[in-house]
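From first to last, the protein sequence lines stand for chains A and B. Here the first sequence stands for residues 1 to 290, where the numbers follow this note's numbering. Here the second sequence stands for residues 1001 to 1376, where the numbers follow this note's numbering. Working notes for the structure below.
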Amino acid sequence: MNGLKSEMPMRGFMRLAFSLFVIVVLFDVKAVRAEAAVTLRVAEVLDPRPAIAWPVAQWSWAGYQQTTAVKCMRVQFSNQPHGDGGKPAGLSVAAISLAGPYLGGAAVNVDSTWPSDRTLAASGQVVFNNATGYVPGGSAYFGVSYLAQASAEQAVWMTVTTYDQVGTGSSGNCAGNVLDGPETAAFHTLQTTQVAGVVDPTFSFEVDSHSGSCNGVGQNATAGSTSVSLGSLDSSSVRRAAQSLTVSSNAGNGFNVYLSSTAAAPGQVFGDGRGTSSPTLRALQPRQRR
Amino acid sequence: MLKVAVKERLIAADAIYMTTAHKKIGLKARALVSVLAVLGGTMAFGSAASAAPTSWSVATSDPAPGAATTHTFTWNGFQTTTAARCIAVKYSNNADGTGYPTGLSVGTGAPGGTYLSGSYTRDITNAGTTGQMVFNNASATPQTAGAKDITWSVATEPTTAAGQTVYVTVTAYDTAGTGSSGNCGGAALESVVAGYATTPRTTVTAVVDGTLTFTVAPHSGTCNGIGQTGTSSPTTVDLGHLSTTATNFAAQDLSVTSNAGNGFNVYMKSTATTANQVFADSAGHYIADATGTFASPAAITPGTAAFGYTALGTGVALTPGTYAKVPTSSGNDSVLTGAAGVGSGTGCVGFGATSSATTPAGAYSAQIVYRAVPLY
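Right, here's the structure in full:
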């Protein structure tokens, strides 16, 4: 399992740790039974999407025995309850990581103390061994993060059995007496739903006469929406008139209003041929996205 | 004459009938007669000789090894001329009264039954060693004829796991025992040996396999009082082109079928990690979350950009026409829920959105995660 640590992406481990933290808060089993009788079994995944890598399956239960040390725990994923029906297509436990306080007393990774035997991974079964063992307490949950989720939308059955002896060698099985189980519960893989909506672009651009001063400069001439008449020029004053521009849009990435003239050469913009200039205004919504 | 009668045990823990003599036990009984005869004639039953029990049996209310139970001794044909002021009840492994059944504890308390006239007390002084207890009533009167019974509690049946035959010798005496002697006084009137068998309980087991199906489908018609303007499929909800004058809405149906005995939940959340960024376009623009929550849903006002959901189904009913914000990836809202005993349920979940005049143009989307969690 130490080797598996490097196989398991940090993101997967963080998700596992986080999900277990959530369970610490949400799932508080306080009942301690003198006689084991499992009364609740829950298997769930935080991300139910099919075929994702390193899904986290969480197991929680109540009523399990709390007197004898668990030295081996068998986890099996199958198409039907109790390990029947074969392994779900696409699901892989060829690499797997165990975390959670059920077998360790802390809500942290217990990979190092419960190495996995994945000999029977092809059938969806993995066992976790610890020769010293651990007597389960009130923390009723653990999680496994494994290589790949089932590839189809389906019910995936998770079956857990605990034993009082470790498995022998790479048998893929536990040994000794069953302490709890086999207990089985299911989660369901499911694609996410995409909710979509479109906000259509809006755009309007207006040019009008301007009233009052413009940028601190008072007007002494007149302007319309398409004309600015500076009147008769003389050498003793500056003729001034202005227009108002209004742009309205829901362009998410901003806008520009450009101004240019139709003259071809600098210094010839305000020509005397007709005594007028023809500036052009262009409002653009750059990189508008739909 | 000493009269010892035994019979064959027909069924576990129950009656012994007079009709079929058990040969082997009968031999033992006859041997006991011989021994007692050699020891002396004091065991002859004197004046009661004219009466002879015609049937007798002992039954236990629970034959399981180690069980607390009530024993009922029934007989008929007993003598009716002399009062039985002491009744000795002796448990044994053998018909001749030898052997003490392992684990047997006769219990305490007064006996009852129709054979007893007046109040009898129980003396268990010798019960733990010889298996005999006696019931005393110094003022008892002669009993009338007919089938009569005596009942008494037993704290613990013999504990032999495989079960065993237990013999019960009942002897009536004409004189109550003295103090806590554990024995009767006077002369024996009549005696019979009955028996019963302890039998391990049978455990009948069977497994009902778990079941689970979870489906998402398009919804038709209104959902929680809101008409649909968009369309949906099992994996998409298309709200269409949003506006500032209406709230676009479309819904899906959720269905969970299971035999989970402890109930179920269907949780819903988005894949977004940050609130108010659930409904986003690819350029990083967002339509804010609806102001309502699952606990306190509220209407969406057209023209005030918002994205939310409503739900109506098994165990869940938001106020009709209202919305809640869609949880981020670290949250969960239960959009269907079944209490213990409710493993299946259906409902609709609908999504609504509206834009404002300043909502950036774009194609907005949210990824919704449904999780069915049955509690087996």
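Glycine included, C-beta positions come from ideal geometry on N, C-alpha and C.
Member of the options whose CA lies at the smallest distance from the CA of residue i
| i | options | result |
| --- | --- | --- |
| A/Gly86 | A/Glu44, A/Gly137, A/Ser97, A/Ala150 | A/Ala150 |
| B/Thr1291 | B/Val1316, B/Gly1352, B/Ala1251, B/Gly1345 | B/Gly1352 |
| B/Thr1159 | B/Lys1148, B/Val1193, B/Tyr1173, B/Ala1197 | B/Ala1197 |
| B/Asn1094 | B/Gly1185, B/Val1373, B/Ala1155, B/Gln1164 | B/Gln1164 |
| B/Thr1203 | B/Gly1345, B/Ala1064, B/Ser1365, B/Ala1357 | B/Ala1064 |
| A/Ala99 | A/Gly231, A/Tyr141, A/Gly224 | A/Tyr141 |
| B/Ser1233 | B/Gly1350, B/Thr1328, B/Thr1304 | B/Gly1350 |
| B/Phe1307 | A/Ser260, A/Leu230, A/Leu259, A/Val195 | A/Val195 |
| B/Tyr1173 | B/Tyr1167, B/Leu1116, B/Ala1324 | B/Leu1116 |
| B/Gly1066 | B/Gly1112, B/Ala1161, B/Ser1153 | B/Ala1161 |
| B/Asn1265 | B/Val1168, B/Ser1334, B/Gly1240, B/Ala1083 | B/Ser1334 |
| B/His1241 | B/Pro1360, B/Phe1078, B/Gln1132 | B/Pro1360 |
| B/Asp1123 | B/Asp1253, B/Lys1090, B/Ala1324 | B/Lys1090 |
| B/Thr1211 | A/Tyr258, A/His188, A/Ala89 | A/His188 |
| B/Thr1390 | A/Glu44, A/Pro50, A/Ala43, A/Thr39 | The question about residue 1390 of chain B has no answer here: the residues shown for chain B are numbered 1001 through 1376. |
| B/Gly1345 | B/His1071, B/Ala1317, B/Ala1366, B/Gln1367 | B/Ala1317 |
| B/Trp1152 | B/Trp1056, B/Val1166, B/Gly1103, B/Val1134 | B/Val1134 |
| B/Thr1215 | B/Thr1244, B/Thr1072, B/Thr1257 | B/Thr1257 |
| B/Lys1148 | B/Asp1096, B/Phe1073, B/Gly1177 | B/Phe1073 |
7 Å Cβ cutoff, residue i in contact with chain A
| i | result |
| --- | --- |
| B/Phe1249 | no |
| B/Asp1289 | no |
| B/Asp1333 | no |
| B/Phe1264 | no |
| B/Tyr1378 | In the structure as shown, chain B starts at 1001 and stops at 1376, and residue 1378 of chain B therefore has no counterpart that could be examined. |
| B/Tyr1376 | yes |
| B/Val1373 | yes |
| B/Gly1210 | yes |
| B/Ala1283 | yes |
| B/Phe1433 | Here chain B has residues from 1001 to 1376 only, and residue 1433 of chain B is not among them. |
| B/Phe1294 | no |
Three-state secondary structure (DSSP) of residue i
| i | result |
| --- | --- |
| B/Leu1375 | coil |
| A/His82 | helix |
| A/Leu233 | coil |
| A/Ser225 | coil |
| A/Ala283 | strand |
| B/Thr1129 | helix |
| B/Pro1101 | coil |
| A/Pro182 | strand |
| B/Tyr1017 | The pLDDT assigned to B/Tyr1017 is 36, lower than 50, so where the model puts this residue is not dependable, and the model offers no usable value. |
| B/Tyr1323 | strand |
| B/Ser1258 | strand |
| B/Ala1286 | As written in the sequence, residue 1286 of chain B is Tyr, which differs from the Ala given in the question. In the structure shown, B/Tyr1286 sits in a strand (DSSP, three-state: E or B). |
| B/Tyr1120 | coil |
| A/Ser211 | coil |
| A/Leu103 | helix |
| A/Ala121 | helix |
| B/Thr1314 | coil |
| B/Cys1348 | strand |
Chain B contact for residue i (CB, 7 Å cutoff)
| i | result |
| --- | --- |
| A/Arg41 | yes |
| A/Leu190 | yes |
| A/Gln268 | no |
| A/Thr161 | no |
| A/Pro201 | yes |
| A/Gln194 | yes |
| A/Gly197 | yes |
| A/Cys252 | The question names Cys, yet the displayed sequence has Gly at residue 252 of chain A. Interface residue, yes. |
| A/Thr246 | no |
| A/Ala57 | no |
| A/Val29 | Confidence at A/Val29 is low in this model, with a pLDDT of 36, below 50, so its placement is unreliable and the value that follows should be read with caution. No - not a single Cβ of chain B is within 7 Å of the one on A/Val29. |
Neighbourhood of residue i by C-beta distance below 8 Å, restricted to the same chain and skipping five residues each side
| i | result |
| --- | --- |
| B/Gly1261 | Ala1340, Gly1341, Gly1343, Leu1375, Tyr1376 |
| B/Gly1362 | Asp1281, Ser1282, Ala1283, His1285 |
| A/Leu91 | Phe77, Gly124, Tyr146, Ala148, Gln149, Ala150, Ser151, Val156 |
Chain-order list of residues whose beta-carbon lies under 6 Å from that of residue i (same chain, five-residue window excluded)
| i | result |
| --- | --- |
| A/Ala131 | Val166 |
| B/Asp1238 | Gly1230, Thr1231 |
| B/Ser1296 | none |
| B/Ser1105 | Ala1155, Thr1156 |
| B/Met1268 | Asp1333, Val1335, Tyr1370 |
7 Å Cβ shell around residue i - same chain, five flanking residues per side excluded
| i | result |
| --- | --- |
| A/Asp47 | Pro55 |
| B/Pro1142 | Thr1080, Thr1081, Thr1082, Ala1083 |
| B/Ser1139 | Gly1118 |
Cβ-heavy atom distance, residue i to the ligand COA, below 6 Å
| i | result |
| --- | --- |
| B/Glu1190 | This structure simply doesn't include the ligand COA, nor any ligand for that matter. |
### Query
What residues from the region 1354-1368 of chain B come within 8 Å of chain A, judged by C-beta to C-beta, listed N to C?
Ser1355, Ala1357, Thr1358, Thr1359, Pro1360, Ala1361, Gly1362, Ala1363, Tyr1364, Ser1365, Ala1366, Gln1367, Ile1368
### Query
Relative to chain A, which residues along the region 1233-1260 of chain B have a C-beta separation below 7 Å, given in chain order?
Thr1235, Thr1236, Val1237, Asp1238, Leu1239, Gly1240, His1241, Leu1242, Asn1248, Gln1252
### Query
Residues in the region 84-98 of chain A with C-beta within 9 Å of chain B's C-beta atoms, listed in sequence order?
Asp84
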